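Residue numbers (this note's numbering): 300 to 441.
In what follows, a single structure is set out as structure tokens and then discussed.
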């Protein structure tokens, strides 16, 4: 299994675990931890969508990822777009997530949410959220 496949699997597990977590178990981001979304995403001719932005976090005891999702049209329907490993050293870093979704998106307006999330704990890893950000974006052909 490649590192990319492992990262995607961990992000999927964390997303599923989120449904089991009580709201009080979700950590709130510190003022110096943040994730942003760039106002433009790209759509390649093969259907690959790429979203990007920046993040900053101080520390993590487990693996930390930037996950992203996008909705276009119906805001109740969100599509997960990749997952990127994050480095929590207090510095600002770029993130970019890509996923091939043939015929799922068209150029134009969309809404993106990005989450800076850590998998923490023994046994079943539980998500700890460092920060999240939302942005209305324009998907452009690229």
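Cβ atoms here follow ideal geometry from the backbone N, Cα and C, with glycine treated the same way.
All values reported here derive from a predicted model rather than from experimental measurement.
Can you round the beta-carbon distance between residue 349 and residue 397 to whole angstroms, since I take them to be within the 8 Å contact cut?
-> 4 Å
Counting Cβ pairs closer than 8 Å, one from the segment 392-406 and one from the segment 425-432, do we hit at least three?
-> no
From residue 305 to residue 382, what distance separates their C-alpha atoms?
-> Low confidence applies here, because residue 305 scores a pLDDT of 42, under 50, leaving its location unreliable; read the following figure in that light. Near 10 Å, if we compare the C-alpha coordinates of residue 382 and residue 305.
Exposure of residue 421, with buried meaning 16 or more beta-carbon neighbours within 10 Å | exposed
Is residue 385 buried or exposed, if buried means 16 or more other CB atoms sit within 10 Å of its CB?
-> buried
Residue 358 to residue 332, Cα distance in whole Å?
-> 10 Å
In this structure, does DSSP put residue 336 in helix, strand or coil?
-> coil
Should residue 373 be flagged as near chain B, meaning a C-beta pair shorter than 7 Å?
-> Any reference to chain B falls outside this structure, which holds one protein chain only.
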